[in-house]
Ligand code: UD1
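This is the structure in structure tokens:
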């Protein structure tokens with residue numbers, strides 16, 4: 002039973018790979034390194050003392066993808082390969098349609114060709130658009146606020162139509178909230194060519210001196226401290242959620258399910274920044290600037306479906322997320 006991970010060299014993908022390797026499962030990784038480097042695969046190989054089946058190519062090469070599935074007798078796919086910058090997607094929507102939607106279409110075609118019937122899709126809480134109520138459960142109306150969100154929503158819809166055409170095909174869309182932190186003992190990184198738009202990479206860049214200070218996007222929201230609330234969860238918990246979802250996929254007879262991966266706790270930007278200062282022993286240089294367009298004041302999950310259907314809930318708390326993020330500063334300094 003081998004699981005193919007597209008985007009498995011990236012930040013979340015490599016953590017999922019680690020969880021599967023820790024559980025003794027077989028994996029094969031396909032990644033074009035557009036948002037990563039070879040570092041994580043090398044770190045996995047070193048940690049588990051074995052070579053990783055790694056193929057560096059673009060998932061849109063569908064014949065190659067189908068051949069890889071056949072060669073490795075793949076039975077399940079986790080599709081993580083995608084661009085994820087909201088701002089960039091507004092400027093270059095075609096790149097996002099091409100890479101994310103084009104990638105998903107090629108993947109489904111390759112799965113059909115190779116006869117692979119199980120898919121976990123790396124979706125996002127972005128598919129809920131602006132919250133109409135909180136916490137966000139899987140029945141909340143769906144909306145896309147930008148081209149990136151459009152790609153996630155469209156892919157969920159494509160998977161739905163594909164599943165309807167193939168009895169026996171089963172998929173789960175995992176809607177992630179805000180994964181942060183890093184593996185506590187394996188040196189996995191988020192090391193693509195650009196600094197991601199997200200909060201924690203900017204906090205680390207401010208602490209590491211790559212940027213002068215963190216820009217806090219707005220302190221005048223209708224929230225307890227004026228900054229936005231998000232549902233941060235440890236990426237190691239996210240990875241465990243994938244492992245649990247694979248078990249569920251194996252017993253599904255067909256169809257598509259949607260499941261949130263979140264803690265169900267709203268944490269503000271200021272609270273997170275304070276935790277980095279407190280645990281790291283050094284204040285995060287920061288400045289409040291204007292609101293970022295499209296930011297919801299608060300987003301957090303109703304995680305009960307994951308608990309009920311996967312037997313999964315997040316175990317690691319905010320301090321663990323912050324501690325395991327701060328270790329990156331030391332790791333990056335050691336190897337440059
Ligand atoms: C963002 C995307 C979301 C995507 C997710 C994963 C938007 C509106 N949403 O989620 O669609 O699925 O990333 O890539 O972009 N913040 C700062 N300063 C910074 C960076 C962020 O104050 O330099 C604040 C933001 O305003 C927000 C919080 O930190 O309140 C979290 O931001 P971020 O990490 O980008 O995640 P989301 O906005 O939740």
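Numbering (the working numbering), first residue to last: 2 to 337. Ideal Cβ positions, reconstructed from N, Cα and C, are used throughout, including at glycine.
Would you say residue i touches the ligand UD1, meaning its beta carbon is less than 7 Å from a heavy atom?
i, result
"residue 127", "yes"
"residue 200", "yes"
"residue 35", "no"
"residue 149", "yes"
"residue 72", "no"
"residue 93", "no"
"residue 258", "no"
"residue 270", "yes"
"residue 244", "no"
"residue 143", "no"
"residue 293", "yes"
"residue 262", "no"
"residue 81", "no"
Ends of the alpha helix (DSSP H) at residue i?
i, result
"residue 49", "40-49"
"residue 12", "12-23"
"residue 31", "From DSSP, residue 31 is part of no alpha helix (DSSP H) but of the beta strand (DSSP E) over 27-31."
"residue 243", "236-252"
Compute the distance between the beta-carbons of residue i and residue j, then report whether it is under 8 Å.
i, j, result
"residue 195", "residue 261", "no"
"residue 232", "residue 265", "yes"
"residue 119", "residue 60", "no"
"residue 135", "residue 301", "yes"
Need the endpoints of the beta strand (DSSP E) that residue i sits in, please.
i, result
"residue 119", "119-125"
"residue 81", "No beta strand (DSSP E) holds residue 81; DSSP gives it neither H nor E."
"residue 54", "54-56"
"residue 6", "3-7"
Shorter than 7 Å, the distance from the beta carbon of residue i to the closest heavy atom of the ligand NAD, or not?
i, result
"residue 300", "In the structure shown, the ligand NAD is absent; the only ligands present are the ligand UD1."
Is residue i close to chain D, meaning its C-beta is less than 8 Å from at least one C-beta of that chain?
i, result
"residue 63", "No chain D appears in this structure, which consists of one protein chain only."
### Message
For the structure I just gave you, are there three or more beta carbon pairs, one from the region 319-328 and one from the region 272-288, closer than 8 Å?
### Response
These segments touch.
### Query
What are the start and end residues of each continuous beta strand (DSSP E) run of 3 or more residues lying completely inside the region 84-115, in chain order?
none
### Query
Which runs of the alpha helix (DSSP H), 4 residues or longer, sit entirely within the region 254-329?
270-281, 305-311
### Message
Give the list of continuous beta strand (DSSP E) stretches no shorter than 3 residues that lie fully inside the region 158-221.
### Response
Entirely contained in the region 158-221, the beta strand (DSSP E) runs reaching 3 residues are, in chain order, 171-177, 179-181, 215-218.
### contact_flag[the region 220-232, the region 248-255] where n(CB pairs < 8 Å) is 3 or more
no
### Task
Kindly confirm or deny that the region 60-72 and the region 84-96 touch, where touching means at least three C-beta pairs closer than 8 Å.
no
### Inter-stretch contact at 8 Å, needing at least 3 Cβ pairs: the region 281-292 / the region 184-202
no
### Query
At a cut of 8 Å, does the region 8-27 reach the region 231-247 through at least three beta carbon pairs?
yes
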